[in-house]
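Engineer: To convert, note that position 65 of the sequence shown is 65 in full-length UniProt numbering; the numbers rise steadily by one, no gaps.
Structure in structure tokens, see below.
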Amino acid sequence: MCDYLGISHAETNYFWIAELALLARLPPNWKTYKDPEGHAYFHNHATGVTSWTHPRDSYFFQLVKRERS
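Here it is, written out as structure tokens:
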């Protein structure tokens with residue numbers, strides 16, 4: 001998760017963000033599905049939006065950016 005969020009292994013002071021991201025629950029109306037190859041994707045049944053990335057990922061990318069500034 002650190003690599004995905006752009007946190008280097010030397011930036012131990014940001015590991016807590018990666019840990020939170022791993023534990024993040026889906027927002028309301030979102031559900032996880034798997035494609036035929038077993039890859040997870042996310043679908044919001046209220047809006048019809050489908051995404052290959054967790055709906056809360058952008059929050060954690062912004063959190064890393066904010067903490068670095």
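Each residue gets a CB set at the ideal place from its N, CA and C atoms; glycine is no exception.
(1) Could you say which of Pro28, Asp35, Phe61 and Tyr33 lies nearest to Thr47 if we only look at CA atoms?
(2) Can you give, in chain order, each stretch of the alpha helix (DSSP H) that sits fully within the segment 6–37 and has at least 4 residues?
(3) Can you tell me whether residue 124 is helix, strand or coil according to DSSP?
(4) In the DSSP output, which residue or residues are listed as bridge partners for His43?
(5) Could you please give the first and the last residue of the uninterrupted alpha helix (DSSP H) stretch that includes Arg66?
Structural biologist: Walking through what the data contain:
(1) Pro28
(2) 15–23
(3) Since the displayed the chain opens at 1 and closes at 69, residue 124 lies outside it and no answer follows.
(4) Lys31 and Thr50
(5) Asp57 to Arg68
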